[in-house]
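Each residue of the sequence shown is one higher than the one before, starting from 375 at the first, in the working numbering.
Here's the structure, in structure tokens; my notes come after.
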Amino acid sequence: MSLQVDQMAPLDRRTGFLNEAGARRIEAVLLPMAALLAGMLAFAIFLLLLGKSPVEFYGLVLKAGFGTAFSWTNTLTRAAPLLLAALCVALPARLGLVIIGGEGAIVLGGVAAGAVAMLMPGLPAVIGITLMAVAGMAVGGFWIGTVGALRHLRGVNETISSLLMAYIAIALMNHLIEGPFRDPASLNKPSTAPLPETWQIGEMPGIGVHWGLALGILACILAWILIERTTIGFAARIVGGNVRAAEIQGLPAGTLAIGFTALGGAFAGLAGMIEVAAIHGSANASLAAGYGYTGILIAFLARHNGLAIIPAAILFAGIEASSGLIQRRMDLPDATVLVLEGMVFIAILLTDTLQGRVRFLTFLERRQT
375 MSLQVDQMAP LDRRTGFLNE AGARRIEAVL LPMAALLAGM LAFAIFLLLL GKSPVEFYGL
435 VLKAGFGTAF SWTNTLTRAA PLLLAALCVA LPARLGLVII GGEGAIVLGG VAAGAVAMLM
495 PGLPAVIGIT LMAVAGMAVG GFWIGTVGAL RHLRGVNETI SSLLMAYIAI ALMNHLIEGP
555 FRDPASLNKP STAPLPETWQ IGEMPGIGVH WGLALGILAC ILAWILIERT TIGFAARIVG
615 GNVRAAEIQG LPAGTLAIGF TALGGAFAGL AGMIEVAAIH GSANASLAAG YGYTGILIAF
675 LARHNGLAII PAAILFAGIE ASSGLIQRRM DLPDATVLVL EGMVFIAILL TDTLQGRVRF
735 LTFLERRQT
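What follows is the structure, encoded as structure tokens:
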């Protein structure tokens, strides 16, 4: 145990200098922050080329995303599905799997929740909401778990298959809500039947944000505990480091891949259920809001750490919440914030190549030897 503690300590006890564990911890914070700043700087140059003021843009982001109590409510409401969507990427990533199709699990999870409300509207609220959550998680888990199974059993690339399955899921959602699951009363916007009023997820007292935010934060904390504090999480990290070595040690790499992809999909499906029960009141095409794709960026910025996902999701929820005000004040398209997110994502991918190569950290490590 003492050896493990020594290995986890950031400083070497003998020399007082930074050891490898400490360097990696500092690096895990510095590189994402550098990527975020680099992406924002690149976007500022983009705005200047358009003849717009970067200062005004970022000022509006701060004002609309974090400037008032109302803007905080709007931001935290948007953060709830982003937290869960990011876990759909982060959990499989610890095994070296790159899943980018969480959007499919979100929309199908929402449709499953809407179907439960449509088929069994007479149930008590507690049972009804629970069944909606179970149905959403089961469908989302099956959808993304299938990606893990295809990877393990047939060697299908999980990145491509998850992306293609997301398109299939959106098409399937449109078919169901415009066909067999459509409420005849939904004339202009096809949707499932409205949820009973008692089935809708209410707001947490004092902050005006629905309970989905608490579920999202709880899920992130549980995911962190699973990865960092359990033997299953330790085995997943070993598989993520070297699959072949893990299999030689007898670890069930395939089972872990299927399990973690299914768990990530279950969280995404829960996000869809929350959107139905807390925001829309029924399943409709608005479920395909792009949360699954923003979740990819958040997971990478957080370096697939469950706890780091929480501030990252709130940050990007605030940025997306400001899009309307930016459109009105600066005469920019609503999708401008997506350009910013894209530039940040590219910067994150570029800074990943610097992992283990930050010069002053490696210098401090060498000083101890």
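From the three backbone atoms N, C-alpha and C, an ideal C-beta is built for every residue, glycine too.
As the structure is a computational prediction, the values presented were derived from the model and not from experiment.
>> From the DSSP secondary-structure annotation, give me the bridge partner or partners of residue 565.
In response: Position 191 of the sequence shown, counting from 1, holds the residue named residue 565. For residue 565, the beta-bridge partners assigned by DSSP are 658.
> Taking DSSP as the reference, what is the three-state secondary structure of residue 678?
Replying inline: Position 304 of the sequence shown, counting from 1, holds the residue named residue 678. Here residue 678 sits in coil by DSSP.
> From the beta carbon of residue 584, is the nearest beta carbon of chain D less than 9 Å away?
Replying inline: You won't find chain D in this structure, because it holds only one protein chain.
>> Less than 8 Å between C-beta atoms, sequence neighbours within five positions excluded: which residues of the same chain meet that for residue 725?
In response: Here the question's residue 725 lines up with position 351 in the sequence shown. Sequence-distant Cβ neighbours of residue 725 in its own chain, meaning closer than 8 Å and more than five residues away, are 405, 406, 408, 409, 412.
>> Under DSSP, the alpha helix (DSSP H) around residue 426 begins and ends at which residues?
In response: Translated into the one-based positions of the sequence shown, residue 426 becomes position 52. For residue 426, there is no enclosing alpha helix (DSSP H), as DSSP gives it neither H nor E.
> Given a threshold of 16 other Cβ atoms within 10 Å of its Cβ, counted over all protein chains shown, does residue 494 qualify as buried or as exposed?
Replying inline: Your numbering for residue 494 matches position 120 in the sequence shown. Of the other Cβ atoms in all chains shown, fewer than 16 fall within 10 Å of the Cβ of residue 494; this residue is therefore exposed.
> From residue 624 to residue 609, what does the alpha carbon distance come to, in whole angstroms?
Replying inline: The residue you call residue 624 lines up with position 250 of the sequence shown. The residue you call residue 609 lines up with position 235 of the sequence shown. One C-alpha to the other measures close to 10 Å.
> How about residue 654: is its Cβ closer than 8 Å to a heavy atom in the ligand FMN?
Replying inline: This structure lacks the ligand FMN; in fact it carries no ligand of any kind.
>> Let me check one thing: in DSSP terms, what residues is residue 577 bridge-paired to?
In response: Within the sequence shown, numbered from 1, the residue matching residue 577 stands at position 203. As a beta-bridge residue in DSSP terms, residue 577 pairs with 584.
> Near residue 641, what residues of its chain come up, given a Cβ to Cβ distance below 6 Å and the 5 sequence neighbours on each side ignored?
Replying inline: Sequence index remark: in the sequence shown, residue 641 carries index 267 (1-based). For residue 641, where only same-chain residues beyond five positions count, the Cβ hits under 6 Å are 458, 461, 462, 593.
> Can you check whether the CB of residue 651 is closer than 9 Å to the CB of residue 569?
Replying inline: As a working note, residue 569 is residue 195 in the sequence shown. As a working note, residue 651 is residue 277 in the sequence shown. Yes.
> When the Cβ atoms of the region 513–526 are set against those of the region 474–481, are three or more pairs found closer than 8 Å?
Replying inline: Verdict: yes, contact present.
>> I need the boundaries of the alpha helix (DSSP H) containing residue 711, first residue and last residue.
In response: For the purposes of this step, residue 711 is taken as residue 337 along the sequence shown, with counting starting at 1. Taken as a continuous stretch (DSSP letters only), the alpha helix (DSSP H) holding residue 711 covers 710–726.
> In whole angstroms, what separates the C-alpha of residue 604 from that of residue 654?
Replying inline: The residue labelled residue 604 in the question sits at position 230 within the sequence shown. The residue labelled residue 654 in the question sits at position 280 within the sequence shown. If you take the alpha carbons of residue 604 and residue 654, they lie about 37 Å apart.
> What are the boundary residues of the alpha helix (DSSP H) that residue 605 is part of?
Replying inline: For the purposes of this step, residue 605 is taken as residue 231 along the sequence shown, with counting starting at 1. Residue 605: member of the alpha helix (DSSP H) spanning 605–615, first to last residue.
> Quick one: what does DSSP say residue 648 is sitting in, helix, strand or coil?
Replying inline: Locating residue 648 in the sequence shown gives position 274, where the first residue counts as 1. DSSP places residue 648 in helix when its eight states are reduced to three.
>> Measuring CB atoms only, is the region 619–637 touching the region 701–719, in the sense that at least three cross pairs come out at less than 8 Å?
In response: Fewer than three beta-carbon pairs drawn from the region 619–637 and the region 701–719 are found closer than 8 Å, and the two stretches are therefore not classed as touching.
> Three-state secondary structure (DSSP) at residue 558?
Replying inline: The count along the sequence shown starts at 1 and reaches residue 558 at position 184. The DSSP-derived three-state label of residue 558 is coil.
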